[in-house]
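Numbering (the numbering used here), first residue to last: 282 to 365.
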(Lines of atoms letter the chains of each structure in order from A and count residues from 1; the text may use other names and numbers.)
(Lines give C-alpha, C1' and ligand atoms only; values in the text may rest on other atoms or scores of the structure.)
Protein backbone atom coordinates (compact mmCIF):
# COMPACT_ATOMS: atom_id res chain seq x y z
CA UNK A 1 0.00 0.00 0.00
CA UNK A 2 2.77 2.46 0.91
CA UNK A 3 4.58 1.58 -2.30
CA UNK A 4 1.40 2.39 -4.28
CA UNK A 5 1.15 5.76 -2.53
CA UNK A 6 4.75 6.59 -3.34
CA UNK A 7 4.30 5.51 -6.93
CA UNK A 8 1.15 7.60 -7.25
CA UNK A 9 2.98 10.63 -5.84
CA UNK A 10 5.73 10.15 -8.43
CA UNK A 11 3.18 9.83 -11.24
CA UNK A 12 1.39 12.98 -10.08
CA UNK A 13 4.73 14.79 -10.38
CA UNK A 14 5.05 13.59 -14.00
CA UNK A 15 7.47 10.69 -13.46
CA UNK A 16 7.10 8.72 -16.70
CA UNK A 17 9.16 5.80 -15.34
CA UNK A 18 6.71 5.34 -12.46
CA UNK A 19 3.82 5.43 -14.94
CA UNK A 20 5.54 2.86 -17.17
CA UNK A 21 6.04 0.59 -14.15
CA UNK A 22 2.32 0.77 -13.34
CA UNK A 23 1.44 0.17 -16.98
CA UNK A 24 3.64 -2.94 -17.14
CA UNK A 25 2.27 -4.24 -13.84
CA UNK A 26 -1.43 -3.76 -14.55
CA UNK A 27 -1.90 -3.76 -18.34
CA UNK A 28 -2.18 -7.52 -18.87
CA UNK A 29 -4.37 -8.31 -15.82
CA UNK A 30 -6.71 -5.45 -16.72
CA UNK A 31 -6.92 -6.64 -20.32
CA UNK A 32 -7.91 -10.11 -19.17
CA UNK A 33 -10.44 -8.61 -16.78
CA UNK A 34 -11.94 -6.44 -19.54
CA UNK A 35 -12.01 -9.41 -21.91
CA UNK A 36 -13.97 -11.41 -19.35
CA UNK A 37 -16.63 -8.70 -19.58
CA UNK A 38 -16.50 -7.83 -23.30
CA UNK A 39 -15.61 -11.23 -24.74
CA UNK A 40 -13.09 -9.56 -27.05
CA UNK A 41 -9.36 -9.16 -26.44
CA UNK A 42 -9.19 -6.45 -29.10
CA UNK A 43 -11.88 -4.44 -27.32
CA UNK A 44 -10.25 -5.13 -23.95
CA UNK A 45 -6.89 -3.80 -25.12
CA UNK A 46 -8.53 -0.68 -26.51
CA UNK A 47 -10.36 -0.11 -23.22
CA UNK A 48 -7.25 -0.50 -21.10
CA UNK A 49 -5.13 1.66 -23.40
CA UNK A 50 -7.74 4.44 -23.23
CA UNK A 51 -7.89 4.01 -19.48
CA UNK A 52 -4.13 4.44 -19.11
CA UNK A 53 -4.15 7.40 -21.48
CA UNK A 54 -6.75 9.11 -19.29
CA UNK A 55 -4.88 8.09 -16.16
CA UNK A 56 -1.72 9.82 -17.40
CA UNK A 57 -3.58 12.86 -18.76
CA UNK A 58 -5.44 13.42 -15.47
CA UNK A 59 -2.72 12.13 -13.16
CA UNK A 60 -2.70 15.22 -10.92
CA UNK A 61 -6.30 14.62 -9.83
CA UNK A 62 -6.35 10.86 -9.21
CA UNK A 63 -6.65 9.10 -5.84
CA UNK A 64 -5.35 5.55 -5.26
CA UNK A 65 -5.02 3.98 -8.66
CA UNK A 66 -5.40 0.23 -8.08
CA UNK A 67 -9.11 0.41 -7.30
CA UNK A 68 -9.66 3.15 -9.87
CA UNK A 69 -8.03 1.12 -12.66
CA UNK A 70 -10.14 -1.94 -11.96
CA UNK A 71 -13.37 0.04 -11.55
CA UNK A 72 -12.77 2.07 -14.69
CA UNK A 73 -11.89 -1.05 -16.68
CA UNK A 74 -15.17 -2.65 -15.59
CA UNK A 75 -17.17 0.45 -16.43
CA UNK A 76 -15.65 0.87 -19.90
CA UNK A 77 -16.04 -2.85 -20.59
CA UNK A 78 -19.70 -2.86 -19.63
CA UNK A 79 -20.35 0.26 -21.70
CA UNK A 80 -18.64 -1.22 -24.74
CA UNK A 81 -20.44 -4.55 -24.33
CA UNK A 82 -23.78 -2.77 -24.14
CA UNK A 83 -23.08 -0.94 -27.43
CA UNK A 84 -22.53 -4.20 -29.29
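We treat Cβ as the ideally placed atom computed from N, Cα and C, and that holds for glycine.
_Taking the beta carbon of residue 303 as the centre, do at least 16 other beta carbons fall within 10 Å, making it buried, or is it exposed?_
Residue 303 comes out buried.
*Taking all protein chains shown into account, do 16 or more other C-beta atoms lie within 10 angstroms of the C-beta of residue 368, making it buried, or fewer, making it exposed?*
Any answer about residue 368 is impossible in this case: the structure gives the chain only from 282 up to 365.
*Is the beta carbon of residue 352 sitting closer than 8 angstroms to the one on residue 315?*
Residue 315 sits away from residue 352, with the two beta carbons spaced by 8 angstroms or more.
*Please determine, among 296, 356 and 328, the residue with the shortest C-alpha to C-alpha distance to residue 337.*
The residue with the shortest Cα to Cα distance from residue 337 is 296.
*Drop a sphere of 10 angstroms on the beta-carbon of residue 356, count the other beta-carbons inside from all chains shown, and report buried for 16 or more, exposed for fewer.*
Classification of residue 356: exposed, given that the 10 Å Cβ count is below 16.
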